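In the working numbering, the protein residues as written are 26 to 148.
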């Protein structure tokens with residue numbers, strides 16, 4: 026029991042300076058230590074951030090190149106669509122025009138025959 030009381034008193038005596046208030050010098054030392062630790066922890070983070078920023082800029086450059094290629098592919102696709110429409114539409118338009126002209130020619134040929142028949146009948 027004496028040992029227990031003696032060790033309790035010894036612990037209280039050892040812990041007594043810890044209860045005292047911190048002096049401004051102690052606070053400055055603590056601030057300096059914390060500041061150094063924070064700087065030491067921030068350096069690798071800053072380096073990592075720089076590498077991430079470089080990777081992002083590289084990826085952005087790649088994306089710009091991909092966007093240009095997609096735009097070029099779209100333009101080529103539009104040109105091909107226009108070419109296909111022109112290739113199909115032009116012959117169709119020509120056939121329609123030819124049919125109209127043929128019907129006019131047939132009508133005129135019929136009128137010529139009628140006029141020739143009238144002329145032969147009524148000389």
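For glycine and all other residues, C-beta sits at the position ideal for the given N, C-alpha and C.
For clarity, every value in this text was computed on a predicted model and none was experimentally measured.
Residues of the same chain with their beta carbon placed closer than 7 angstroms to that of residue 122 are lacking, with the five preceding and five following residues left out of the count. Looking at the backbone, the Cα of residue 31 and that of residue 60 are separated by about 41 angstroms.
Spanning the alpha carbons of residue 109 and residue 78 requires a straight line of approximately 46 angstroms. Cα atoms of residue 107 and residue 117: separation of roughly 15 angstroms, rounded to the nearest angstrom.
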